[in-house]
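Beneath this line is the structure, given in structure tokens, with notes to follow.
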Amino acid sequence: MDDLVQLARDKDKGKDVAIITINNPPVNALSPGVAKAIAQAIEQVSKDVAIKAVVLIGGGRTFIAGADIKEFGKITSGKAQRGAGLLPLLLQIEDVRKPVVVAIHGSAFGGGLELAMAGHYRVAAPNAQLGQPEVKLGIIPGAGGTQRLPRLVGVAKAVEMCAEGNPISAQEALKLGLVDHLIEGDLLSGAIAFSRDMAARPLRKTRERNERVRSDKDKLGVPEQTAPVFAAAREKAHTKQRGMMAPLAAIDAVEAATRLSFEEGCRVEQKLFGECLFSDQSKALIRAFFGEREVAKIPDIPKDTALLPVNSVAVVGAGTMGGGIAMVFANAGFPVLLKEADQPALDRGLATIQKNYQSSVKRGRLTQQFVDERLQLIQPVLSYDDFGKVDMVVEAVFEGMELKKEVFGQLDRVCRPGAILASNTSTLDIEEIASATSRSDAVIGTHFFSPANVMRLLEIVRGKSSSKEVIATCMQLSKKLGKVGVLVGNCRGFVGNRMFGPYRREAQFLVEEGASIESVDKALFDFGMAMGPMATGDLAGLDVGWRIRKEYRHLEKPGVRQPFAEDRLCELGRYGQKTGAGWYKYDENRRAIPDPEVNEMVRRWARAAGITQREISSEEIVDRCIYALVNEGARILEEGIALRAVDIDIIYLNGYGFPAYRGGPMWYADTVGLDKVYRRISEFHKQHGELWEPAPLLKRLAEEGRTFAELNREQAVMA
Ligand code: 3HC
Ligand code: NAI
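The opening position of the sequence shown corresponds to residue 331 in the numbering used here, with each subsequent residue numbered one higher.
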């Protein structure tokens, strides 16, 4: 045993309770050394006749966040052997002949919950969370979780927890019987007292239990009764976790518990766990897990950079974005001044906020009390009078340089020195906006995605003069707001929208070349995108791009092909969902209905423009659209607009509906092989001309046989 695990006795008169404390900061992951040290401690207390009960607890901020995820990469890359994992340790705990009470605070996730379930009792702090989140990493519980959980909470809840991966609260765990007692106040002393109370009772091994039955659908050993539970879970997984193999494997593993003995069930679980672990899906999802944390690390901004205080904010503009951004801040507990240009616009903005909150209450996502408290935090105003008091302003007025500069000039006059001045612009030059102030170091882009209160992505746009303190504060703030903040450089469209341009351009070209609108959307939906590109355009409003294109037309190179169909649709008043028609027709519930007339119209226009019509395979559709993302992504990397390939991937997973199990466009390209991607892009270059010129970085990596992921963090420098 070493520093990772400590064994002590309680300090009370009896000194007959052993306390095993796990200390593997920051989250007590069950690294191999930890499991070994727990096993040694368990062996010692088992032999010690003076010990009447055992409390197993986590030191620091949490109980156990699960197995050590870093170990999985070592196993799949052949650097470590896959052994029996945690299973023997859990059997050893369950077989102890005195009560083992597991005391949970923070998170008991994955292997952490599996270990807890091997104890004879579980007590928890009221704010603890318990869950089997493995499917989010593309794997399934691999230490008996799919077998012990149904024995404690019943089949239906176990399927839900293992297949969906969402944690439950300590209160729910208590109701379900997963936790035996909640402890207010000091967890350790409460657990010790509880363990003494349990010392005289007969011991129950979880693997031998099956009494948590609310109905026959919850019971082990009657597969014909539980079959509908699994059928429903599979159907749900096919729609809600489309394309993912782990949820289906988790369902199979829990189903095995209903038919087989504990030991046989564990063998099924192990087999399925192994299949998932070695899949491309889990490699992509595990990389995304670490990637989400890596994007917070900015090489030239030290961890100890002083943070600016942000306790109150103001939002300028209460339109689509401003209203959503005000909700984001209010939801995180910040008081918000919400400024509009005039009373009717302010009333409209507030009404939309109220409507959005009410619909969350109706759906049971928020309580009325929570909503009332948040609304109290939003103070509508028509002037800048109180702006001197706030720590940060987010501007979300119409997209237009002149107006933005006017607003920033005002902010410069009224805001206190040290306040952060942020713009939500989606296309404009953040440095030019900053030039309207006398403090460009305080200016930064905070590019929220629509709907701002729902989408997790926040692109943080760094101007040349944005100070390190301002950047570090915004990165930190994104976490408080429940967002994934990714730092990007200043260029048109930043990272996400700049790449989305070529993606949607290719989708339109394909339609102009003869693919039907529906076939383009279907190919990309089947690839795993949350929505096809044409339907996405209709949702966002085709007129948005149309207006931008009109503004930037002077920058287009003569002779270079441009898509035209979308602009023509806009000229016909077909702006998408908001006008009831775009690429598709929409019914009153905004359901898309294919419109053969549009397909025919585009074909006519294309023939008139001399574009040959042909059959196009779904493989070509996917390659054209996805490789357009990859090629632009490579340029972005080369220019230092994104720090690392993973930053681009995290943007695409959280803001653009890219399938998480494919890891993001850059990771996907690595998985396909950059030489193959480069060859395909070169073919497109020959066929379609200069828009497809391969990015030099892609060419170089392909020739060197390397990957985007290999470009390491030390090389990451921002433009
Ligand atoms: N293994 C290895 N490292 C882990 C880890 C784990 N299980 N969980 C977290 N970490 C690391 C993070 O990478 C991060 O490292 P960094 O500081 O170097 O970037 C550090 O611990 C702190 O993590 P967070 O920044 O995420 O801290 P938070 O306080 O925001 O969140 C948490 C804590 C809710 C526990 C969150 O870290 C989390 O969800 N962790 C993963 C939980 C999980 O998926 N568990 C299942 C693992 S698989 C398993 O158990 C298989 C089993 O069935 C056999
Ligand atoms: P919007 O048109 O819905 O709202 C803009 C609001 O600003 C209007 O309510 C208007 O009355 C108000 N306004 C104008 N001048 C003002 C002033 N001087 N003071 C206070 N309020 C003023 O626009 P939307 O869509 O919310 O866009 C806002 C910004 O967010 C733009 O820069 C846009 O590019 C960006 N953005 C938009 C996204 C979207 O999907 N709509 C996504 C991400 C960024």
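The beta carbon of each residue, even a glycine, is placed where N, CA and C say it ideally should be.
Since the model is a prediction, treat every value here as computed from it, not as a measurement.
Query raised in the report: How big is the Cα-Cα spacing for D398 and L460?
Result: 17 Å
Report task. Return yes when the C-beta of V825 is under 7 Å from any heavy atom of ligand 2, and no when it is not. Result -> no
**Report entry** Residue interval of the beta strand (DSSP E) (run including I434)
**Finding:** V430 to I434
Query raised in the report: Using CA coordinates, which residue listed in E424, A383 and R904 is at the minimum distance from A529?
Result: A383
Report task. Could you tell me if the beta carbon of F393 falls within a distance shorter than 7 Å of some heavy atom in ligand 1? Result -> no
Query raised in the report: Less than 8 Å separating the beta-carbons of A662 and V720?
Result: no
Query - D977: CB within 7 Å of a non-hydrogen atom of ligand 1 - result: no
Query - Anticipated Cβ contact below 8 Å, A414 with G993, distance rounded - result: Here A414 is actually not in contact with G993; their C-beta atoms are around 29 Å apart, not less than 8 Å.
Query raised in the report: So what does Y916 bridge to, in DSSP terms?
Result: A922
Requested in this report: Would you identify the three-state DSSP class for I372, choosing helix, strand or coil?
Outcome: helix
Query raised in the report: DSSP three-state call for R786: helix, strand or coil?
Result: coil
Report task. Kindly list the residues whose CB is nearer than 8 Å to the CB of I978, restricted to its own chain and excluding five residues on each side of it in sequence; keep chain order. Result -> V825, M829, G963, I966, L967, A972, G994, P995 and M996
Query raised in the report: Mind checking G819: buried by the 16 CB within 10 Å criterion, or exposed?
Result: Buried.
Report task. Please determine, among G472, R534 and I923, the residue with the shortest C-alpha to C-alpha distance to R452. Result -> R534
Query raised in the report: Hey, M1055 and A837: beta-carbon distance below 8 Å or not?
Result: Because the chain in this structure spans residues 331 to 1049, residue 1055 falls outside the shown range and cannot be described.
Query raised in the report: Thinking C-beta only, is A579 closer than 8 Å to I405?
Result: no
Report task. Given a cut-off of 8 Å, decide if N353 and Q336 are closer than it, judged by their beta-carbon atoms. Result -> Contact flag set, yes.
Query raised in the report: Does the separation of the CB atoms of V932 and E622 fall below 8 Å?
Result: no
Report task. Quick one: grab the DSSP three-state call for A380. Result -> coil
Report task. Mark R1043 as exposed unless 16 or more other C-beta atoms lie within 10 angstroms of its C-beta, in which case mark it buried. Result -> Confidence at R1043 is low in this model, with a pLDDT of 49, below 50, so its placement is unreliable and the value that follows should be read with caution. Flag for R1043 reads exposed.
Requested in this report: Note down the Cα distance separating A1101 from K601, rounded to an integer number of angstroms.
Outcome: In the structure as shown, the chain begins at 331 and stops at 1049. Residue 1101 is therefore absent and cannot be evaluated.
Query raised in the report: S525 and V347: beta carbons closer than 8 Å?
Result: yes
Query raised in the report: Is it buried or exposed for L506, if we count other Cβ within 10 angstroms and need 16 for buried?
Result: buried
**Report entry** Straight-line gap, L688 to E703 (C-alpha atoms, nearest Å)
**Finding:** Checking the displayed sequence, the identity of residue 688 turns out to be Gln instead of Leu. Taking the straight line joining both Cα atoms gives about 13 Å.
Query raised in the report: Hey, E789 and L638 are a contact pair by Cβ (cut 8 Å); roughly how many whole angstroms apart?
Result: Under the criterion of beta carbons closer than 8 Å, E789 and L638 do not qualify as touching, at roughly 20 Å.
Query raised in the report: Does at least one heavy atom of ligand 2 sit under 7 Å from the Cβ of N754?
Result: yes
**Report entry** Cα-Cα separation, K669 to D868
**Finding:** Looking at the backbone, the Cα of K669 and that of D868 are separated by about 29 Å.
Query raised in the report: What did DSSP end up calling Q336 once you bin it into helix, strand or coil?
Result: Reduced to three states, the DSSP call for Q336 is strand.
Query raised in the report: Going by beta carbon distance, what residues of the same chain come within less than 8 Å of R920, once the five residues before and after it are set aside?
Result: Excluding sequence neighbours, R920 sits near Q907.
Requested in this report: Write down every uninterrupted run of the beta strand (DSSP E) in the region 485 to 547 whose length is 3 residues or greater and which is fully enclosed by it, in chain order.
Outcome: none
Query raised in the report: Does the Cβ of T588 have 16 or more other Cβ atoms within 10 Å, making it buried, or fewer, making it exposed?
Result: buried
Requested in this report: Would you mind sorting N358 into buried or exposed? The rule is 16 or more other CB atoms within 10 Å of its CB.
Outcome: Classified as buried, N358 has 16 or more neighbouring CB atoms from the shown chains inside 10 Å of its CB.
Query raised in the report: Buried or exposed: R743, going by 16 or more other Cβ atoms within 10 Å of its Cβ?
Result: exposed
Requested in this report: From the DSSP output, read off the bridge partner residues of L360.
Outcome: BP columns for L360 point to A397.
Query raised in the report: Among A500, M575 and I628, which has the Cα closest to the Cα of G604?
Result: M575
Query raised in the report: Beta-carbon separation of G654 and S780 under 8 Å?
Result: Yes, these two residues count as a Cβ contact at 8 Å.
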